[in-house]
Amino acid sequence: MEILVSDRILSKLSLEKNSSKVANQMKAEESFPFLLRNLDVEDRRKIEYVLKEIIIECMIGDEKCDLHSDFEVFEDITYGLCYTFNGKSPSKFNVSKSGPSQDRDRENKLCT
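This is the structure:
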């Protein structure tokens, strides 16, 4: 598959038509966080995943998670749009035991 990219996009990413695909891929990966930071919030939201696209179902023990109230959204300068589970009200899901065998964790972060 070949992807055609406009000259304007190539120049914004400092990519060259005649460079190798590997070189352009590396430059694009390096440039992406910078480009993402320079987009306004509305444009970033258009290209980033939203929580309902990532999480099909969330259960803690027998209790169903609420994607709106149990997850807090924040912007990370490197990763873009991120979500913290149990960040809005950490007392809602209390940790009684910790460790990999337990089904609860006090706080988890997910970035898109």
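This note's numbering numbers the first residue of the sequence shown as -15 and each following residue consecutively.
All C-beta atoms in this analysis are idealised placements derived from N, C-alpha and C, irrespective of residue type, glycine included.
Owing to the predicted nature of the structure, the values given are computational and were not obtained by experimental measurement.
Count Cβ pairs between the segment 12 to 22 and the segment 54 to 70 that sit closer than 8 angstroms; are there 3 or more? yes
Which first and last residues belong to the beta strand (DSSP E) in which E13 is found? Position 29 of the sequence shown holds residue 13. Taken as a continuous stretch (DSSP letters only), E13 belongs to no beta strand (DSSP E), being part of the alpha helix (DSSP H) at K5 to R21.
K48: which of E26, S4 and K76 sits nearest, CA to CA? For the purposes of this step, residue 48 is taken as the residue at position 64 of the sequence shown. Out of E26, S4 and K76, K76 has the C-alpha closest to the C-alpha of K48.
Looking at C-alpha atoms only, which residue of T68, D50 and G45 is the closest neighbour of E56? As a working note, residue 56 is residue 72 in the sequence shown. Among T68, D50 and G45, the Cα nearest to that of E56 is on T68.
Since D46 and N70 should fall inside the 8 angstroms C-beta cutoff, what is the C-beta to C-beta distance between them, to a whole number of angstroms? By 1-based counting over the sequence shown, the position of residue 46 is 62. By 1-based counting over the sequence shown, the position of residue 70 is 86. Going by Cβ atoms, the distance from D46 to N70 rounds to 16 angstroms, so no, they are not a contact pair.
By DSSP's criteria, D47 is part of a beta bridge. Which residues make up the other side? Here residue 47 corresponds to residue number 63 of the sequence shown, with the count starting at 1. Sequence check: residue 47 is Glu here, not Asp. In DSSP, E47 forms a bridge with I44.
Rounding to the nearest angstrom, what Cα-Cα distance links I39 and E59 in this structure? Taking the sequence shown and counting its residues from 1, the one referred to as residue 39 is at position 55. Taking the sequence shown and counting its residues from 1, the one referred to as residue 59 is at position 75. I39 and E59: Cα-Cα distance of roughly 18 angstroms.
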